[in-house]
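See structure below.
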Amino acid sequence: MFQRYWQYGRLRFISLMSPHLQIWKKKWQMKGEQFGGGWSRGRGKESCFRCGGAGHWASQCPGRGNRECQGRTAQGQSQPEEPVPPKGPECKAPELPSAVEPLYGLGPSGQVAETPLEVFETLTRFGYHTFRPGQEAAIMRILSGLSTLVVLPTGMGKSLCYQLPALLYAQRSCCITLVVSPLLSLMDDQVSGLPPGLKAVCVHSNMTRKQRETVMTGKVQVLLLSPEAVVGAGGFSCLPPAARLPPVAFACIDEAHCLSQWSHNFRPCYLRLCKVLRERLGVRCFLGLTATATCATARDVGEHLGIPEEAIFGTHLAAIPPNLHLSVSLDRDKDQALVSLLQGERFRDLSSIIVYCNRRDETVRVAALIRTCLQDFPVPFAGRLPEAVAEAYHAGLSASERRRVQRAFMQGRLRVVVATVAFGMGLDRPDVRAVLHHGLPGSIESYVQEIGRAGRDGLPAHCHLFLQPQGEDLRELRRHIYADTVDYLTLKKLVQRLFPPCTCSKQLQQPQVMVGGEGVQEAGPQEESEVPANVLRICPGHERAFSVQQMVETLDMREEAIETLLCYLELHPRSWLKLLAPIFAICHLKCYGGPPQLQALAKRCPAVAVGLAQQQSAKDKGRSSLDFNVVELADSMGWEAALVRRTLNQLQWEVTPGKGAPRRTGVLVEFRDLSFHMRSPGLTAFEQDEICDFLHQRIQAREKEALAQLRATFQAFQRVAFPNCGPCMEHVDEERSDQLKALLTRYFEEGTAALFEDQFREESEQNHDFGQARLQDWESSICSDIRHLLSIRQEEKFSGRALARIFHGIGSPCYPAEVYGKDRRFWRKYLHVSFPSLLRLATREILAWK
Ligand SMILES: Nc1ncnc2c1ncn2[C@@H]1O[C@H](COP(=O)(O)OP(=O)(O)OP(=O)(O)O)[C@@H](O)[C@H]1O
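Going by the UniProt record's numbering, the final residue of the sequence shown carries number 850, and the count climbs one at a time with no gaps.
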C-alpha cells in the first residue's frame, strides 16, 4: 500500500518538477545542514540514496546510524540495493546534560559514608534537631547518588528526604532537583511549605508558555512537575528541553505507588515516567516517596526506579494510628443503617465527617438523605453552627463547585461531605473526626488511605464501613474492572494499525530478526517456523500518527486505556514501538490565492507536491486547500515529520531581504487532530499475532488479579463485621477494631496471597461468582432483551462486550452512559448476572442475529 502511494506520489512529484524546483533544490542543499536532512544531499545517479555520497549503496551507507537516514530506509526506494549487513540503524540520542556527580563517595565495599557535619547543619538550618526514622539513611543514599524508595506514613516527614539533598547539591554546583507530583494542589502545598533557603517553582500544563518561561528564569533548586508534564501527555510537554535545564541532581517521585498500582488505565504516563526521565534528562538517581505501599508494591516500584530491596526505607504503613477506632457491619439497608449510626451516640456530636460512596449518583442521593434526616440535629463547630449539613462531591461536578464544597468543609461550614474517591488526596484538615464507607472500598490500600484522613491531629476519630451481606457491593466494583478489559478482536485491530506490514525486509543469511531499530533479536524457535532463517527484517521503524479521537471511536476504548497498551508495547523487552510526543497530525493548508497558488506551492515545496499527488481528488485542478496526515506523508517521503511541519509552516511567510519584517503569503497552515505519535516497524501477520497474544495475556492476568483482590478485600472485612450496625452505634468494640488493624497490617506486610489464600481458594471454588445470580434463572430473559436491543438499534454494530457493558451499566466511548443510561429497559438491568456470562450470551445472540 505504502509502496503504491510512494510510487504514485513520486511520479506525480517528478512530473511537477520545474526549473523553480531545481533552484529550490539548490537552496535546500545549502540549507540542508541547518534543517537536518531532507534534500540537502547530492543525489547523483550513482550516489547513495541516503547520504548522497559515491561509491556505495544506501544499504551500506556509513551514515545509516544517522536519524535523518532512517526514514529513507523505510519504503519506496527505487534504487537497487545490496544485502544489508545485520547491524541496524541506531537512533542518535539527543545529547544529555552532563551527569551530576554524587556529593559523597561510597566506601570500599559500596557502603554509604558516615553522615557528615554539613548534613546535620543543614538539618538545623531547616529548623529540626534530629532526623526522624528513615530520613537520615534515605538522605545519605541520595547524596551518595543511590536511588532510594522511602515508605513512611503520612506526616512522618518524607519531604525532608528530597529538600535537604536538593539544597546541598545546589550549593555545590549549578543543578536542579525535579519533583514529580500527581496533583496541582499537592505541588502548591510543597512550594508553600519549603524550608528556608530552598526555592521551588511548579510547571504544569495549565500554564501558558510565557508563564512557564518566566518561572524558569528565576534561580530555583527544585522544579515541581506533574507526570503528564514530564511525559508530554495530551500534546503539551511542559518539560523544557534538556539543553535549557541545569543538570538534574536527582528526580523525586512523590506518591511513588502510582508507578505500580494506579498506572493501569488511570495515568498511563506513570508507566513511562522513569524511562522518559532517564532518556530525556539523563536522570540517574531517583527518590520515590510513598505512604501507601504493601511490600509487593514497594518491590514493584523499586523495580521501576531500578533499586534493590535493601534500598527501600521506612515502615510499610503497617501501623494504623491508635487514635482511629474502626468498625464494620453487614447491613441489608445501608441507607437506614447510615442514618441510625449518625444519630447514635458514637457519631452524633462529631463535627467533621467524610462519607465515601462508590458511585457519583450515590453521593448525591446519600447527601440528600443525610440533609433530610439530620437537619434537626445541628452540630456546632468552633462555637458556630455549620451552614450546611451535607453536600456531595465527585469528579463530575464543575471545578468551582468542587472548590466550593471543599472550602466549606475545610472551614467548618459544612459538616458532612459525601464523596467518591475524588475527594481527599492532599486534604489538609487535621481534625476530620469520622470517615464512613457506604460500601466496600476498591482495595485495602484505598481503605487505609481514606481512613487515614481522619484524626491526623492525634485525637480520637471513628471509622465505620457498611458491607452488604450478599456481596452486592462486589458487583458495583467488578464493573470498574470489566470497564477496562479489551477483546482479542479489538487488540487485533489496534495492532494491525500500529504495525502494518512494510517493504523493509531483506533476504540475508543471518538467522536474526531485527525489529524497531532497537536492537538485534535472535529469532526464537516459533519465529523460525514462520520467518525463514535467512530473513533479516531491517525495518528501522516508521514514524506514524493516529488520531486519538478516531482510535477511541474505532476501538471503543478510552484514550488512557489505549495509551496504556502503547506503553506496554514500548516497555516490552523487545521494545515493539517507541512513543513520541503527541502531535497535531492533520495539516490543513489553504491558499487564499486560489488554485494557482496551490499549484505554485506544489512546484516549490515537495511536501505539498506529494500531499497533492497522494490525494485522488488532487486531479481536481480547482482546489485551493489540502488536508493530509503530515506524519504519514513525511514517512512516505523518507523525511522527519518535524522537518515537514517546519517547512509547511514556513510557507505562510516570506522574507524579502532589505524589506524588513516577514510578510504573509496568503497561505494558511493549520495543524489539527491530536494524535498518538510513535515510531513502529512493519510486522508480519505472525508477529502481529504474537503481540496480540502478549497484550491479551497481560490484560487477562490483570483482570484476574483485580477480581481476586476485590474478593479478598470483601472477605477480610466480612471476617470482622458485626451482623448489623447496632453494636457500633454507641461505642466501638476495641477488640474487633484491633483485629481489623492487625489484618490490615498483615496485608501490608504479606500481601493478598499470604493473607487470604487458603480460605479464598476454598470459597472461590465453591462459589465462583459470589454475589451474582445463577445464569440459568435469567438466560431466556437476557436473550430476549438482547434481541430486543438489537432490533431497535439496528444501525449499531454491537459487539458482545458492548452489549454486556450496557447490561452492566458500563459506559464506553461509543456507547456512553449519557445516551444508553437513559434507556432503563437495558441499562444496568443484569448487574446481578456475571459479566463473562453476559458476554458469552451476547456474542452468541449477535451471531445468531446476523
Ligand atoms: N526531622 C524532623 N523533625 C521534626 N519535624 C519534622 C522532621 N521532618 C519533618 N518534620 C515535620 O513533619 C511534618 C510533616 O512533614 P511532611 O509534610 O514532609 O510529611 P509527609 O510524610 O511528606 O506527609 P504527606 O504524606 O502528608 O505528604 C512537617 O510539619 C515537617 O515540618
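Each residue gets a CB set at the ideal place from its N, CA and C atoms; glycine is no exception.
- Separation of the CB atoms of Val231 and Arg272 is rounded to 5 Å, and the pair is thereby assigned contact status at 8 Å.
- The Cβ neighbour count for Pro378, taken over all protein chains shown within 10 Å, is under 16; the residue is labelled exposed.
- The nearest non-hydrogen atom of ligand 1 is less than 8 Å from the C-beta of Met156.
- Straight across, the Cα-Cα distance linking Ile312 with Arg402 is about 36 Å.
- Taking C-alpha positions only, Glu690 is separated from Glu570 by approximately 15 Å.
- Restricting attention to beta strand (DSSP E) runs no shorter than 3 residues, the stretch 356 to 413 encloses them at 388 to 393, ordered along the chain.
- Distance between Ala585 and Gln597, taken at the CA atoms: about 23 Å.
- For Met187, the secondary structure class from DSSP, reduced to helix, strand or coil, is helix.
- Inclusion of Arg825 and Ala483 in the CB contact set at 9 Å is not warranted, their separation being larger than that value.
- DSSP, read as helix, strand or coil, puts Ile538 in strand.
- In the structure shown, Asn629 adopts extended strand secondary structure according to DSSP, grouped into three states.
- When Thr154, Cys161, Phe676, Arg365 are compared, the shortest CA-CA separation from Thr148 is found for Cys161.
- In the three-state scheme derived from DSSP, where H, G and I count as helix and E and B as strand, Trp849 is classed as helix.
- Under DSSP, the beta-bridge partners assigned to Thr290 are Val151.
- Residue environment for Phe686: exposed (fewer than 16 other C-beta atoms within 10 angstroms of its C-beta).
- Rounded to the nearest whole angstrom, the CA to CA distance from Ala367 to Ala419 is 9 Å.
- About 6 Å separates the Cβ atoms of Val610 and Leu633, confirming a contact at the 8 Å cut-off.
- Here the alpha carbon of Val222 sits roughly 8 Å from the alpha carbon of Leu198.
- Buried is the label assigned to His325, since at least 16 other Cβ atoms lie within 10 Å of its Cβ.
- Not one heavy atom of ligand 1 lies closer than 8 Å to the C-beta of Gly288.
- Counting only the Cα atoms, Gly594 lies some 37 Å from Cys502.
- Gly442 places its beta carbon 9 Å or farther from that of Lys334.
- Rounded to the nearest whole angstrom, the C-alpha separation of Arg346 and Ala716 is 24 Å.
- When only Cα atoms are considered, Met557 and Ala390 end up about 36 Å apart.
- Within the DSSP bridge table, the entry for Cys463 names Leu326, Val435 as partners.
- For Gln375, same chain residues with a beta-carbon under 8 Å away, outside a window of 5 residues either side, are Val389 in chain order.
- As computed with DSSP, Asp254 is found in a beta bridge with Leu289.
- DSSP, read as helix, strand or coil, puts Asp693 in helix.
- For the 9 Å CB-CB criterion, Leu152 and Gly134 form a contact.
- For Phe131, the shortest C-beta to heavy atom distance toward ligand 1 is below 8 Å.
- Check the Cα spacing between Gln739 and each of Gly726, Phe722, Thr752, Arg125: the tightest is with Phe722.
- Phe671 is the residue among Phe671, Pro582, Gln650 whose C-alpha sits nearest the C-alpha of Leu626.
- With a cut-off of 8 Å, the C-beta of Gln449 is classified as distant from ligand 1, since no heavy atom of the ligand falls inside that distance.
- In the DSSP assignment, the residues bridged to Cys591 are Val667.
- One alpha carbon belongs to Val328, the other to Arg479, and they sit about 23 Å apart.
- DSSP places Glu114 in the coil class of the three-state scheme, outside both helix and strand.
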